[in-house]
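K.L.:
Would you mind keeping the following structure in view while I ask a few things?
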Amino acid sequence: MAVARVSSSCLPRLLSSPLLHSFLRHFYSSIPTVRRPHQRSFPIAAALSEASPSPHAVMEGGAMEAPRSGPRRTWKPTCLYYTQGKCTMMDDTLHLEKFNHNLMLDLPVNTAATDKVKDQKLDYFLILDLEGKVEILEFPVVMIDAQSMEFIDSFHRYSLLVSRDFLQEFEDWMGNHNLWSKEQGGSLNSAAFVTCGNWDLKTKVPEQCRVSKIKLPTYFMEWINLKDIYLNFYNRRATGMMTMMRQLEMPIAGSHHLGIDDSKNIARVVQRLLADGAVIQMTAKRQSATSDVKFLFKNRIR
Ligand SMILES: [Zn+2]
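Sequential numbering of the sequence shown, starting at 1349, is according to the numbering used here.
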């Protein structure tokens, strides 16, 4: 997380407004793409395209590398209307040329790398990277398969507050993927949230639930802090996503602090850890009786 770059307070209203597309068009064109100066002119996200279903992807100790040859896809910003289920321009060729409507393109998997993935304790990872300082402004979740590393689906909302309606919508989405059901109690079904740090689920979500007078849902009471997994697996500290990606020599796709882009970048670090042989498991658990958080790894980033 961090300060939201988007002034999202207007987005929920804008999403139902005819001004939406012109607003986001302007917004997109003003987003700089954060990249390291020496990286390739196209990010990893460009490795796969609809025009190149089997690129000559190269494994270099990691999950995926951009192809050395073959057709290249220029990275495009994700259509934020689309991620909200509100894109009305799916038949507009120019719009489709300009914006990505398939998040899978940003999370390509090299099938050769999946052989190196160790048996995981969980079936799915839900990568979550909240944006907002005072209030949660952006709630992006990227779901990937823990074993195949494939992108499965995403849930993305701009919301001023965590509300009952919002949680209902999120629970319906999780229910559709068999990740959670009211009948089975509150925890996730063989899945876990993955965050970069403890702030999102240790601090921010409980705080928002308190403000909204909502009982903290049980599924938010345990999570994986990727920084702890990273520290214990590579035996080196990374204080944030940017550091991890720099150390792993992974180019950053999209705009840092746009929650959906950060979630995708964190998902790419998850894919890389899996491909390198890490077993990704829970790192923190809130005790329901006391509300205290118990950290499950001795060696962790504080
Ligand atoms: Zn669109």
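The beta carbon of each residue, even a glycine, is placed where N, CA and C say it ideally should be.
(1) Looking at residue 1471: is its Cβ nearer than 9 Å to the Cβ of residue 1499?
(2) I need the straight-line Cα distance from residue 1543 to residue 1526, nearest angstrom please.
(3) Work out the CA separation of residue 1632 and residue 1644 for me, nearest whole Å.
(4) Whose beta carbon lies closer than 7 Å to any heavy atom of ligand 1, going through the chain in order?
(5) The alpha helix (DSSP H) that contains residue 1554, what's its start and end?
(6) Take residue 1436 and list the residues in its own chain whose beta-carbon comes closer than 6 Å to its own, dropping the five residues that flank it on each side.
(7) Is the distance from the Cβ of residue 1625 to the Cβ of residue 1613 below 9 Å?
(8) So residue 1623 is in the alpha helix (DSSP H); what residue range does that whole segment cover?
(9) Is residue 1439 helix, strand or coil by DSSP?
(10) Using the Cα positions of residue 1467 and residue 1577, report the straight-line distance between them to the nearest angstrom.
(11) Give me the DSSP bridge partner(s) of residue 1460.
(12) Mapping DSSP to helix, strand and coil, what is residue 1493?
(13) I'd like the list of long-range same chain contacts for residue 1580, defined as Cβ closer than 7 Å, with 5 residues on each side in sequence excluded.
(14) What does DSSP give as the partner residue(s) for residue 1571 in the beta ladder?
(15) Please state if the CB of residue 1609 and the CB of residue 1426 are separated by a distance shorter than 9 Å.
(16) Under the rule that 16 or more other beta-carbon atoms within 10 Å means buried, what is residue 1438, buried or exposed?
(17) Look at residue 1607 and residue 1517 and say whether their C-beta atoms are less than 9 Å apart.
(18) Hey, would you say residue 1461 sits closer than 9 Å to residue 1491, going by beta carbons?
P.N.:
According to the structure data:
(1) The count along the sequence shown starts at 1 and reaches residue 1471 at position 123. The count along the sequence shown starts at 1 and reaches residue 1499 at position 151. At a Cβ-Cβ threshold of 9 Å, residue 1471 and residue 1499 do not count as neighbours.
(2) Counting from one through the sequence shown, the residue named residue 1543 turns up at place 195. Counting from one through the sequence shown, the residue named residue 1526 turns up at place 178. When rounded, the distance between both Cα atoms is 21 Å.
(3) Within the sequence shown, numbered from 1, the residue matching residue 1644 stands at position 296. Within the sequence shown, numbered from 1, the residue matching residue 1632 stands at position 284. Straight-line Cα distance between these residues: approximately 6 Å.
(4) 1427, 1429, 1430, 1435, 1437, 1438, 1443, 1447, 1449
(5) For the purposes of this step, residue 1554 is taken as residue 206 along the sequence shown, with counting starting at 1. Unbroken alpha helix (DSSP H) run through residue 1554: 1553–1559.
(6) One-based indexing of the sequence shown puts residue 1436 at position 88. Shown here for residue 1436: not one same chain residue has a beta carbon closer than 6 Å to its own, the five before and five after excluded.
(7) Residue 1625 sits at position 277 when you count from the first residue of the sequence shown. Residue 1613 sits at position 265 when you count from the first residue of the sequence shown. Against a cut-off of 9 Å, the Cβ pair of residue 1613 and residue 1625 comes out as no contact.
(8) The residue you call residue 1623 lines up with position 275 of the sequence shown. In this chain, the alpha helix (DSSP H) harbouring residue 1623 covers 1607–1623.
(9) Within the sequence shown, numbered from 1, the residue matching residue 1439 stands at position 91. Residue 1439 falls in the coil class under three-state DSSP.
(10) Here residue 1467 corresponds to residue number 119 of the sequence shown, with the count starting at 1. Here residue 1577 corresponds to residue number 229 of the sequence shown, with the count starting at 1. One C-alpha to the other measures close to 15 Å.
(11) The residue labelled residue 1460 in the question sits at position 112 within the sequence shown. Its beta-bridge partners do not exist; DSSP assigns none.
(12) Stepping through the sequence shown from its first residue, residue 1493 is reached at position 145. Reduced to three states, the DSSP call for residue 1493 is strand.
(13) Residue mapping note: residue 1580 aligns to position 232 of the sequence shown, counting from 1. For residue 1580, where only same-chain residues beyond five positions count, the Cβ hits under 7 Å are 1645, 1647.
(14) Along the sequence shown, one-based indexing puts residue 1571 at 223. DSSP lists 1632 as partners of residue 1571.
(15) Locating residue 1426 in the sequence shown gives position 78, where the first residue counts as 1. Locating residue 1609 in the sequence shown gives position 261, where the first residue counts as 1. Cβ atoms of residue 1426 and residue 1609: closer than 9 Å.
(16) By 1-based counting over the sequence shown, the position of residue 1438 is 90. That one is exposed.
(17) Translated into positions along the sequence shown, residue 1607 becomes position 259. Translated into positions along the sequence shown, residue 1517 becomes position 169. Their beta carbons are not under 9 Å apart, which means residue 1607 does not touch residue 1517 by this criterion.
(18) Residue mapping note: residue 1461 aligns to position 113 of the sequence shown, counting from 1. Residue mapping note: residue 1491 aligns to position 143 of the sequence shown, counting from 1. No, the pair does not count as a contact, with Cβ atoms beyond the cut-off.
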